[in-house]
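Presented below is the structure to which this report refers.
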Amino acid sequence: MSTLDLGFDVFDCHHHVGDVRAFMTHTGSEAAPTAGAALDAERAARVAIMDAGGVRQAAVIPGHAYARTNGVADTVACNDRIAAYRDAQPDRFPVAVGVVEPIFEDACLPELERCAGELGLVGISFHTRFQGVSMDSPWVRTFVERTAALGMVPVLHAMTESSDEALWKIAEIARALSEVEMLVLDAFSSFEGTREAFTIAERCPNLLWDTSLSYNFDFLEQLARQLGAERVVFGTDLYSPPLGRRISHLIPQIVESSLSDAEKALVLGGNARRLFGLG
244 MSTLDLGFDV FDCHHHVGDV RAFMTHTGSE AAPTAGAALD AERAARVAIM DAGGVRQAAV
304 IPGHAYARTN GVADTVACND RIAAYRDAQP DRFPVAVGVV EPIFEDACLP ELERCAGELG
364 LVGISFHTRF QGVSMDSPWV RTFVERTAAL GMVPVLHAMT ESSDEALWKI AEIARALSEV
424 EMLVLDAFSS FEGTREAFTI AERCPNLLWD TSLSYNFDFL EQLARQLGAE RVVFGTDLYS
484 PPLGRRISHL IPQIVESSLS DAEKALVLGG NARRLFGLG
C-alpha cells in the first residue's frame, strides 16, 4: 500500500542535484549531467526513486561541491541550473533552493536578489563544509539575514562531524535572528549530534529539523513529542546518481510511529509545504 493510499502526501525537503565526485571519489570518473538528454535521464531516475519510495514531491538544492574557479559567475550558473531543473518538472519539483558563497562577501549579495526575483527560488542553502567559511562567520549571518528579508528560507546544513557546521554555531545564528524560521539539515548524522540537537531545538524554537541521515525515527519521534511535530520535516539527502539510489528507510517508521495521523502528515509533507509557501 502506498503512502498516498495511507493518506500521506509525502514531500521530501532535501534533494541535491550535482556531482558527488568532489567528496566521494570512489563513485567513478563520470561527471553528473548538467544539461540535455543526460540530465533528463537523471531526473527520470530521480522520479522513479521517489515513486518507489512513496514520495510525490521534493525540493531540489544544488550540490555544494560545484567548481567555483570563475567566482560568482559559477554561482550564477549553478542557480540557473537548479531553477531550470525545477521548471522542467514542476509537478514533482515545485521548490528549488539556491546557493550563495559567503566567501565572496558583498560581491555575491546581488545574486541573492536575483535568486528571489528573477529565478523565484524559495530558499538559500548554506553548507559551510564546502564553502571555505565557518557557520559562525559574520558573512554567513549577513547572507542568512538578507535571505530572510527577501522572503526566502535559510537552509542550514549541520553535518555534525564537521566543526564548520557545529550546532552551537547554528544556534548563534538562530538566536540572533529569532524571528526567522530556518531549516536545519543533516543534524542527526551521529548519536551525540542527535542529543545535542534536542538542546538546541529547545533553545531555538525558530529552527525546523529534517530527518536525513538519522538511522531511525525513534529519537525524532521523541523530539516531535517534546517540542511539537511541526518542528520535524521529512528529508532524505537524496543525491544525483550514482550516489542516490533509494529513498530513506524512515517513511515506514514514521507511518508506524505513535504520532497521530495529523502529526505524521505534518512531518511527511505539511511542514515543508508550509515553510516553502506551497500552502
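Heads up, the sequence shown is in the working numbering, so the first residue is 244 and it goes up one at a time. We put the beta carbon where it would ideally sit given N, CA and C, even for glycine. Predicted model, so just to flag it, every value in this text is computed and none were measured.
- Put simply, the backbone Cα of histidine 400 is about 13 Å away from that of aspartate 379.
- DSSP lists Val398 and Leu451 as the beta-bridge partner residues of leucine 426.
- Around the Cβ of threonine 312, a 10 Å sphere holds fewer than 16 other Cβ atoms; the residue is exposed.
- Following the DSSP letters along the chain, one finds phenylalanine 369 in no alpha helix (DSSP H) but inside the beta strand (DSSP E) bounded by residues 366-369.
- Around the C-beta of serine 455, 16 or more other C-beta atoms lie within 10 Å, and the residue is accordingly described as buried.
- With contacts defined as CB atoms closer than 9 Å, histidine 259 and glycine 306 qualify as a contacting pair.
- Judged by DSSP in its simplified three-state form, leucine 481 adopts strand.
- In the structure shown, isoleucine 304 adopts extended strand secondary structure according to DSSP, grouped into three states.
- Taking C-beta atoms as the reference points, glycine 436 and threonine 390 fail to come closer than 9 Å.
- When Ala350, Trp411, Ser406 and Glu344 are compared, the shortest CA-CA separation from valine 387 is found for Glu344.
- Under DSSP, the beta-bridge partners assigned to alanine 339 are Val303.
- Glycine 520 has its alpha-carbon roughly 15 Å from the corresponding atom of arginine 335.
- Membership of cysteine 256 in any alpha helix (DSSP H) is not indicated; the residue belongs instead to the beta strand (DSSP E) covering 254-260.
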